[in-house]
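Each residue of the sequence shown is one higher than the last, beginning at 1 in UniProt numbering.
Every residue gets a Cβ at the ideal spot worked out from N, C-alpha and C, and that includes glycine.
Presented below is the structure to which this report refers.
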Amino acid sequence: MIRPTAVQTVSAALENGPFDYIVVTAKAFPGTAKLIEEAVDPSTTIVLGQNGIGGEKEYAELYPDNVLIAGVVYLPVTQVEPGVVEHGPLERFEIGTYPPDAPLKGKERCRELSDLFRAGGGSAPVFDDIQPQRWFKLAVNAAWNPTTALTMCDDANYLRSSSKAEDIIRKIMKDVGKIATAVGYPNAITDQGIEQDLQRPRGRLETGGKEPSMLTDVRNDRATEVEAILGNALKIGEERGADTPYLELIYTLAKGRDYAIAPDERWKPIARHG
1 MIRPTAVQTV SAALENGPFD YIVVTAKAFP GTAKLIEEAV DPSTTIVLGQ NGIGGEKEYA
61 ELYPDNVLIA GVVYLPVTQV EPGVVEHGPL ERFEIGTYPP DAPLKGKERC RELSDLFRAG
121 GGSAPVFDDI QPQRWFKLAV NAAWNPTTAL TMCDDANYLR SSSKAEDIIR KIMKDVGKIA
181 TAVGYPNAIT DQGIEQDLQR PRGRLETGGK EPSMLTDVRN DRATEVEAIL GNALKIGEER
241 GADTPYLELI YTLAKGRDYA IAPDERWKPI ARHG
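Okay, here's the thing in structure tokens:
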């Protein structure tokens with residue numbers, strides 16, 4: 001029997017090491033990679049289950065000799081009250097090595113991790129190149145996370161709000177598709193894939209929607225993953241000359257919302273006269 005041990009810090013976890021795998025599911029903020037440093041030894045495989053695109057680079061630079069696995073998490077959950085989280089019907093962790101042409105050792109560790117998930121009743125399919133899956137998940141997140149956070153609607157209520165709501169989701173996802181195409185993944189985000197993804201929130205119109213993580217953050221006055229989910233992709237698109245007006249607009253608005261939650265020293269209160 002395996003009994004998980006809950007600890008508050010990486011330092012406190014060290015007495016349970018060394019670790020075969022370290023699975024990182026923390027928010028994809030800059031500097032997160034550094035937090036696990038003292039728990040990583042030469043044999044540790046680092047597994048990333050984080051939002052966004054390009055986050056692997058920070059880990060690859062800090063831990064160049066460790067096997068690195070990138071993952072895409074599909075796990076619809078909603079915190080309905082303090083300490084109570086409702087789990088949706090989908091559970092899937094798509095994984096692959098970073099980079100895709102990693103040495104055989106990395107491929108073997110990836111298969112071993114998949115086998116561990118299956119042994120526990122989970123689903124963790126292995127892909128030779130995980131990046132198309134990461135780009136598609138990014139398109140989903142880039143469309144739904146900021147849109148729901150800005151409107152303060154869960155996904156189903158957002159669809160109810162306007163006859164134009166669904167089409168905006170499509171346009172943002174297609175903008176991400178332009179960037180994916182520009183970096184060599186033209187089939188990562190297709191019209192068919194977009195329509196299939198839209199079936200999930202449509203199916204919740206008769207029951208109740210799901211709350212994307214950025215909406216949860218805004219409701220709790222927490223800083224959001226605006227750079228990981230939107231900013232990084234936008235920078236890549238600009239470097240490649242991709243025309244992404246909808247992504248640029250939603251990024252700018254989400255950036256403003258994030259600034260209101262976590263302002264810096266430039267913030268000033270509303271001017272009052274009289």
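Tell me which residue opens and which closes the alpha helix (DSSP H) that residue i is part of.
i: I236; result: N232 to R240
i: Q79; result: Where Q79 is concerned, there is no enclosing alpha helix (DSSP H), although the beta strand (DSSP E) it sits in stretches over V77 to E81.
i: E56; result: E56 to L62
i: E86; result: Segment V84 to H87 is the beta strand (DSSP E) holding E86; no alpha helix (DSSP H) there.
i: V10; result: V10 to A13
Distance check for residue j and residue i, CA to CA, integer angstroms please.
i: I36; j: V10; result: 6 Å
i: V67; j: A39; result: 14 Å
i: R92; j: W144; result: 19 Å
i: E206; j: P100; result: 41 Å
i: V84; j: E108; result: 37 Å
i: D258; j: G231; result: 12 Å
i: C153; j: E86; result: 18 Å
i: V77; j: D41; result: 33 Å
i: T216; j: A223; result: 10 Å
i: A271; j: A262; result: 20 Å
i: A102; j: E195; result: 33 Å
i: residue 281; j: T32; result: For the chain, the structure presents residues 1 to 274; residue 281 sits outside this window and is missing.
Put residue i into one of helix, strand or coil per three-state DSSP.
i: F117; result: helix
i: V67; result: coil
i: residue 275; result: This structure cannot settle anything about residue 275, because the visible part of the chain is limited to 1 through 274.
i: Y259; result: helix
i: V226; result: helix
i: G96; result: strand
i: V183; result: coil
Taking all protein chains shown into account, decide if residue i is buried (16 or more other Cβ within 10 angstroms of its Cβ) or exposed.
i: residue 287; result: No information on residue 287 is available, as it lies outside the stretch 1 to 274 that the chain covers here.
i: A26; result: exposed
i: I69; result: buried
i: E225; result: buried
i: A12; result: exposed
i: Q131; result: buried
i: E112; result: exposed
i: S123; result: exposed
i: A6; result: exposed
In the DSSP assignment, find the unbroken beta strand (DSSP E) run with residue i in it and report its ends.
i: R134; result: From DSSP, R134 is part of no beta strand (DSSP E) but of the alpha helix (DSSP H) over Q131 to T151.
i: I46; result: T45 to L48
**Message:** Is it the case that the segment 67-87 contacts the segment 250-267, given that we only count it when at least three CB pairs across the two stretches are under 8 Å?
**Reply:** no
**Prompt:** Is it true that the segment 131-142 meets the segment 175-191, where meeting means three or more beta-carbon pairs spaced less than 8 Å apart?
**Reply:** yes
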